[in-house]
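What follows is a set of notes on a single structure, which appears directly below.
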Amino acid sequence: MVMLGFKLTVVSIMTPPLVLTLGSSYSIHVLNQYYRDTGRDPEDKQWIPRAVGLVNMTVFLAALTTIIGFGSLLTATLQQIKEFGIATSIGIFYCMILALFFLPAALSLARNPKQAERERATRGPLVRGMERLSFWVIRWRYAILAFVVLIAVGFGFSIRHIQYQTNYLAYYRRSEKLIQDSRRIIGKFGGYTSLYLTLEAPAGEPNYFLNPEVLARVASFEERLRGEPDISFLFSFTSLLQLMNRAQNGEFAIPEGRAPILLLSRYVRSIAASPYGKSLEVLPINEDYSRLTITLRVFNSQRRTIILEPQLKQLVKRIEQVMDESLAGLPRPVMWGRSLILLYISETLARDQIWSAVSTIVLIFAVTALGFRSARLGAITLIPLLVGIMLNFIVMTALAIPFDVVTVMFASVAMGV
Numbered sequence: 165m166v167m168l169g170f171k172l173t174v175v176s177i178m179t180p181p182l183v184l185t186l187g188s189s190y191s192i193h194v195l196n197q198y199y200r201d202t203g204r205d206p207e208d209k210q211w212i213p214r215a216v217g218l219v220n221m222t223v224f225l226a227a228l229t230t231i232i233g234f235g236s237l238l239t240a241t242l243q244q245i246k247e248f249g250i251a252t253s254i255g256i257f258y259c260m261i262l263a264l265f266f267l268p269a270a271l272s273l274a275r276n277p278k279q280a281e282r283e284r285a286t287r288g289p290l291v292r293g294m295e296r297l298s299f300w301v302i303r304w305r306y307a308i309l310a311f312v313v314l315i316a317v318g319f320g321f322s323i324r325h326i327q328y329q330t331n332y333l334a335y336y337r338r339s340e341k342l343i344q345d346s347r348r349i350i351g352k353f354g355g356y357t358s359l360y361l362t363l364e365a366p367a368g369e370p371n372y373f374l375n376p377e378v379l380a381r382v383a384s385f386e387e388r389l390r391g392e393p394d395i396s397f398l399f400s401f402t403s404l405l406q407l408m409n410r411a412q413n414g415e416f417a418i419p420e421g422r423a424p425i426l427l428l429s430r431y432v433r434s435i436a437a438s439p440y441g442k443s444l445e446v447l448p449i450n451e452d453y454s455r456l457t458i459t460l461r462v463f464n465s466q467r468r469t470i471i472l473e474p475q476l477k478q479l480v481k482r483i484e485q486v487m488d489e490s491l492a493g494l495p496r497p498v499m500w501g502r503s504l505i506l507l508y509i510s511e512t513l514a515r516d517q518i519w520s521a522v523s524t525i526v527l528i529f530a531v532t533a534l535g536f537r538s539a540r541l542g543a544i545t546l547i548p549l550l551v552g553i554m555l556n557f558i559v560m561t562a563l564a565i566p567f568d569v570v571t572v573m574f575a576s577v578a579m580g581v
């Protein structure tokens with residue numbers, strides 16, 4: 165990961181425990197056969213490669229399908245998920261190689277297992293328990309098949325209630341100082357999430373936004389925006405002009421003459437050229453006054469928290485409606501800002517989940533069908549995978565566990581494993 169330049173993120177931090185957990189299964193395969201085929205002659209070690217030879221295809225196919233599950237995450241849009249898939253796939257490959265080469269070599273240096281150890285591996289309590297379970301499964305096979313049908317029906321109902329998590333603060337405990345401070349800032353200042361509306365003059369006409377009539381239309385549009393409960397603050401050249409006019413004439417309005425507008429334009433130009441102005445992320449007006457930008461601070465006014473995707477989508481629609489009603493005949497503003505990325509997170513997560521799951525299903529079917537030389541067995545292999553995924557969807561929906569950049573990967577990972 166260091167050589168590839170991968171950083172530890174909220175996603176890739178899971179790589180070490182996953183590799184340790186999943187990689188141990190290959191060693192268990194080898195050790196199980198090692199104890200079953202243990203040789204009686206303490207000097208003879210040739211039975212070890214024969215024993216490993218019986219399970220090397222099992223280990224290889226198990227590792228390959230797991231790598232496919234993680235490798236399917238390369239279809240994801242988010243770079244962090246791609247890096248997680250690559251890093252974990254490499255780790256699984258290492259574990260397979262070590263189980264097939266290093267482990268047998270290390271076992272050859274140890275004494276041969278005793279007869280009691282061999283019997284525990286072939287007829288121990290775990291083996292007997294699993295054997296009894298298999299008889300129970302065959303006896304109640306129709307009930308089990310009926311339960312699988314119920315899972316499929318439940319999946320059909322739950323798939324419509326899937327939620328996606330776009331709140332990055334949800335990764336922290338509520339007791340964390342970061343979360344407490346964020347809540348105070350949101351409650352006191354109306355959030356810290358910004359949206360920007362930029363209006364461009366027709367054909368880039370200079371000084372277009374020094375025209376009193378144009379500014380009056382923009383001010384009327386801004387007044388409609390101030391009525392939105394989820395907009396806690398609005399800042400623009402127009403609002404500065406209204407504040408200056410109120411200080412001079414006691415009226416919060418756009419002055420009819422051009423003199424106050426030109427005066428403010430000089431102030432704004434001076435501020436923009438100062439160190440303070442250069443530190444601002446967005447200036448309210450450009451140098452030739454052909455572009456005007458309105459800054460909006462938005463939040464969830466009902467819960468007094470940061471605004472998330474569902475509320476932001478609704479707010480954007482309301483703002484666009486106000487644009488259509490208040491700015492007819494004027495240039496339509498362009499809405500932009502980092503917060504708009506939130507609008508596409510759930511769409512991206514849903515699309516990534518579908519593509520990675522589909523690619524995993526197709527590749528696992530191909531590998532198992534080739535490995536068992538049977539398309540029928542390859543298809544049968546998919547049934548417990550798909551039913552397990554359906555059951556997991558039902559549980560997540562019932563417990564209101566949302567899909568985020570971490571849990572969205574469970575389908576591909578689970579099928580690979």
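If you count the sequence shown from 1, position 161 lands on 325 in our numbering, and the numbers rise without skipping.
Just so it is clear, CB atoms sit at the ideal spot from N, CA and C, and this is done for glycine as well.
Query raised in the report: For the 8 Å Cβ check, are there 3 or more pairs between the stretch 539-548 and the stretch 476-486?
Result: no
Requested in this report: With DSSP as the reference, please indicate the residues paired to T230 in a beta bridge.
Outcome: Per DSSP, none; premise fails for T230.
Query - C-alpha gap between L290 and R284, whole angstroms - result: 9 Å
Query raised in the report: For A316, does the count of other Cβ atoms within 10 angstroms reach 16, so buried, or fall short, so exposed?
Result: exposed
Requested in this report: Alpha carbon to alpha carbon, how far is L426 from P495? Give it in angstroms, no decimals.
Outcome: So the alpha carbons of these two residues sit roughly 22 Å apart.
Requested in this report: Give the range of the alpha helix (DSSP H) segment to which V382 is assigned.
Outcome: Residue range 376-390 is occupied by the alpha helix (DSSP H) that includes V382.
Requested in this report: Mind checking which residues open and close the beta strand (DSSP E) that includes T561?
Outcome: Note, T561: premise wrong, no beta strand (DSSP E); alpha helix (DSSP H) at 539-562.
**Report entry** Coarse secondary structure for M294, derived from DSSP in three states
**Finding:** helix
Query raised in the report: Residue range of the beta strand (DSSP E) that Y360 falls in?
Result: Run containing Y360: 357-364, per the beta strand (DSSP E) assignment.
Requested in this report: To the nearest angstrom, report how far apart G391 and F397 are at their CA atoms.
Outcome: Going by the C-alpha atoms only, they are around 11 Å apart.
Requested in this report: Measure the C-alpha to C-alpha separation of A280 and Q197 and round it to an integer number of angstroms.
Outcome: 15 Å
Query raised in the report: Would you call H325 buried or exposed, if buried means 16 or more other Cβ atoms sit within 10 Å of its Cβ?
Result: exposed
Query raised in the report: Does the stretch 517-534 come within contact of the stretch 404-423, defined as at least 3 CB pairs closer than 8 Å?
Result: no
Requested in this report: At 4 residues or longer, and completely inside the stretch 301-355: list those alpha helix (DSSP H) runs for me, N to C.
Outcome: Counting only runs of 4 or more, we get 305-322, 341-353.
Query raised in the report: Starting from R461 and walking both ways along the beta strand (DSSP E), at which residues does that stretch end?
Result: 455-462
Query raised in the report: Under 6 Å from any heavy atom of the ligand ATP, does the C-beta of T222 make it?
Result: The model on display carries no ligand, and the ligand ATP is accordingly not part of it.
Query raised in the report: The beta strand (DSSP E) with S396 in it runs from where to where?
Result: 395-399
Requested in this report: Report back the beta-carbon spacing between G351 and R461 to the nearest angstrom; my notes put them in contact at under 8 Å.
Outcome: That pair is no contact at about 13 Å.
Report task. Any chance you could list the alpha helix (DSSP H) runs of at least 4 consecutive residues sitting entirely within the stretch 480-541, in chain order? Result -> The qualifying runs are 506-536.
Query raised in the report: Is it the case that the Cβ atoms of V145 and T402 are separated by a distance below 7 Å?
Result: With the chain covering only 165 through 581, there is no way to say anything about residue 145.
Report task. May I ask you to report which of helix, strand or coil DSSP gives F299? Result -> Helix, per DSSP.
Requested in this report: Using alpha carbons as the reference points, say which of T457, T524, D516, R422 lies closest to L228.
Outcome: T524
Query raised in the report: Taking the C-alpha atoms as reference points, what is the distance between I557 and S322?
Result: Correcting the residue identity first, residue 557 is Phe in this sequence and not Ile. Rounded to whole angstroms, the separation of the alpha carbons of S322 and F557 is 7 Å.
Requested in this report: Just grab the DSSP bridge partners of T241 for me.
Outcome: DSSP output for T241 lists no bridge partner at all.
Report task. Starting from T179, follow the alpha helix (DSSP H) in both directions and report where the run begins and ends. Result -> 179-200
Query raised in the report: Hey, T457 and T362: beta-carbon distance below 7 Å or not?
Result: yes
**Report entry** Cβ neighbour criterion (16 or more within 10 Å) applied to S176
**Finding:** buried
**Report entry** Closest by C-alpha distance to A367, when choosing among R455, V559, Q243
**Finding:** The shortest C-alpha separation from A367 is found at R455.
Query - Buried versus exposed call for F311 [16 or more other C-beta atoms within 10 Å across all chains shown] - result: Burial call: exposed.
Requested in this report: Assign F416 to one of two classes, buried (16 or more other C-beta atoms within 10 Å of its C-beta) or exposed (fewer than that).
Outcome: exposed
Report task. Answer yes or no: do L555 and I232 have a C-beta to C-beta separation smaller than 7 Å? Result -> no
Requested in this report: Assign F224 to one of three DSSP states: helix, strand, or coil.
Outcome: helix
Report task. Could you tell me the distance, in whole angstroms, from the CA atom of L447 to the CA atom of T459? Result -> The straight-line gap from Cα to Cα measures roughly 9 Å.
Query - Start and end residues, alpha helix (DSSP H) containing F574 - result: 574-580
Query raised in the report: Of all the options V559, Y453, F385, which has the alpha carbon lying nearest to the alpha carbon of F319?
Result: V559
**Report entry** Straight-line gap, G421 to E377 (C-alpha atoms, nearest Å)
**Finding:** 10 Å
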